[in-house]
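Asks: Just so you know, the sequences run in chain order A and B.
FYI, in our numbering the residues of the first sequence are 866 to 1076.
FYI, in our numbering the residues of the second sequence are 708 to 823.
Here it is: the structure, laid out below.
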Amino acid sequence: MFRHLYHFVVLAHPASFRQRFGEEMLSIFDQSEGKLSRVGLLADGVVSLLRQWALRPDFLQETAASTVGGEPHFYTFEKEKLNTATLVYGALLSALVLNGVCWTMGYAWNHPTYIALRRPVIIPPLAWSSTPAGAAKSVVMPALCTDQGRVILMFNAPGISSAAVAGNTDPKPNVTGGSLESSVVPCSDIPHNRVQTGAPVSAPRKTSRKN
Amino acid sequence: MKKEVSPFLPLSPATLHILLSLAGEEMHGYAIMQEVQRQSEGKYKLGPGTLYDNLQKLMDRGLVEELGRRPEDDDPRRRYYKLSSLGRGVLTAEIARLEDVVREGKLRLQAKPRRA
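Structure representation (structure tokens):
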């Protein structure tokens, strides 16, 4: 890992320095032994990198040869100092690319593509709709009742209207109405002996105070 | 025409150690590092970055030259350097300057302090 890091640090040096001493720096690193020594060489390479770029401005004016042994070669970091025309060209190219990306995003926003989705059709098995033989057919309606400030949702409750009629001579009107407010009734209106299992309804607590 | 050596003086410690190392024989970079460490008895360690930065400056000023040939059985990545005649003259002048400094220092330290 240190070797790769050091190689990267050497590659990041100015081209003239790298071409002149890069291979020999790597050779020295390969000859070093011990982790501590390699860490020291890596730190020295980083300091050298900063020194070359910050304190050696003469390297910025240098342009390396475009040919090696008569053969053209291409490097990414070959030209250290970019001239004005290259900077202007790069700025123009960057602006064009950014403009294209923004235009594409805006077009996609204003021209959405809708994909038709089929509504799922759920057909319950026939066994669900059949009533076991001998079982009384009853409609289970959830109901809300209040108990000491709490609102209790009751399942498997008998019909509120019928329960109210059976346990109370003065049934509340609209207890089986559609709206939530109209279906909330006090628990005292529901006879507990008619409440089926499964409803966590407790009897009203009797509180006694010791005086 | 002999070049004036005074503009190069005084030398920095790194430059002085590098020129001293190359005064004996031609060396590659790693050998220079080891020689500098040996000269200073381990008190002065020269990293490759500092070494080659100084070598670059010394070669640009003509104090050190790079050798084109190298031993056949050596690492091909190594480069050998030698002291140029100008570099030898600069090193000689620097040693003479340091001798003057040492002599003056010894005289002042050996002399009895005057009472006010």
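Virtual Cβ for every residue (Gly too), placed ideally from N, Cα, C.
The structure displayed is predicted, hence computed values, not measured ones.
Buried or exposed: where does R868 of chain A fall if 16 or more other Cβ atoms within 10 Å of its Cβ makes it buried?
Replies: exposed
Asks: Using C-beta distances below 6 Å, list every residue in its chain close to R903 of chain A, excluding the 5 sequence neighbours before and after it, in chain order.
Replies: F867 and S897
Asks: Going by beta carbon distance, what residues of the same chain come within less than 6 Å of A1031 of chain A, once the five residues before and after it are set aside?
Replies: Only weak support exists for where A1031 of chain A lies, its pLDDT of 42 falling under 50; the value from the coordinates is given anyway. Result list for A1031 of chain A: empty, nothing under 6 Å.
Asks: Comparing the C-beta of F873 of chain A with each C-beta of chain B, is any distance below 9 Å?
Replies: no
Asks: How about V904 of chain A: is its C-beta nearer than 9 Å to some C-beta of chain B?
Replies: Not an interface residue.
Asks: Any beta-carbon of chain A closer than 9 Å to the one on T757 of chain B?
Replies: yes
Asks: Let me check one thing: in DSSP terms, what residues is E773 of chain B bridge-paired to?
Replies: B:Y788
Asks: Beta-carbon within less than 6 Å of A973 of chain A's beta-carbon, same chain only, minus the 5 sequence neighbours each way: which residues are those?
Replies: none
Asks: Does any C-beta atom of chain A lie closer than 9 Å to the C-beta of Y751 of chain B?
Replies: no
Asks: Mind checking if G736 of chain B is an interface residue toward chain A, Cβ cutoff 9 Å exclusive?
Replies: yes
Asks: Beta-carbon within less than 8 Å of Q917 of chain A's beta-carbon, same chain only, minus the 5 sequence neighbours each way: which residues are those?
Replies: H878, P879, F882 and F924
Asks: If you compare alpha carbons, which of B:D807, B:K710, B:I725 and B:I802 is closest to L762 of chain B?
Replies: B:I725
Asks: Specify the secondary structure class of M866 of chain A as computed by DSSP and reduced to three states.
Replies: coil
Asks: Taking buried to mean at least 16 other C-beta atoms within 10 Å of its own C-beta, is D909 of chain A buried or exposed?
Replies: buried
Asks: Please go through the same chain and pick out, in chain order, the residues whose beta-carbon is closer than 6 Å to the beta-carbon of K1075 of chain A, but skip the five residues on each side of it.
Replies: Its pLDDT being 45, under 50, K1075 of chain A is placed unreliably by the model, and nothing is read from it.
Asks: I want to know whether the region 785 to 792 of chain B touches the region 725 to 736 of chain B - three or more CB-CB distances under 8 Å.
Replies: yes
Asks: Taking the alpha helix (DSSP H) that R983 of chain A falls in, what are its first and last residues?
Replies: Note, R983 of chain A: premise wrong, no alpha helix (DSSP H); not H, not E.
Asks: Since I believe G796 of chain B is in contact with V712 of chain B (beta carbons under 8 Å), could you give me their beta-carbon distance rounded to a whole number of angstroms?
Replies: 5 Å
Asks: Can you check whether the CB of T757 of chain B is closer than 9 Å to the CB of V912 of chain A?
Replies: yes
Asks: For D782 of chain B, which option in A:S994, A:M890 and A:Y979 has the closest C-alpha, if you only look at C-alpha atoms?
Replies: A:M890
Asks: Taking 8 Å as the line, does the beta carbon of E811 of chain B fall inside it for any heavy atom of the ligand PLP?
Replies: This structure lacks the ligand PLP; in fact it carries no ligand of any kind.
Asks: At least one CB of chain B closer than 9 Å to the CB of A929 of chain A: is that the case?
Replies: Confidence in A929 of chain A is poor, its pLDDT being 49 and thus under 50, which makes the residue's placement unreliable; the coordinate value appears in the next sentence. A929 of chain A does not count as touching chain B.
Asks: Closest by CA to A738 of chain B, which one among B:R815, B:D780, B:P755 and B:S792?
Replies: B:P755
Asks: Determine, using beta carbons only, whether E888 of chain A comes closer than 9 Å to chain B.
Replies: yes
Asks: Here's the rule: buried if 16 or more other CB atoms are within 10 angstroms of the residue's CB, otherwise exposed. What is L793 of chain B?
Replies: buried
Asks: Between the Cα of L718 of chain B and those of B:E772, B:Y751, B:H735 and B:L765, spot the shortest distance and give me the residue it belongs to.
Replies: B:L765
Asks: Distance check for D760 of chain B and Y751 of chain B, CA to CA, integer angstroms please.
Replies: Y751 of chain B and D760 of chain B have their C-alpha atoms roughly 16 Å apart.
Asks: Taking 7 Å as the limit between beta carbons, can you name the residues of its chain near E742 of chain B, skipping five residues before and five after?
Replies: S728 and M734
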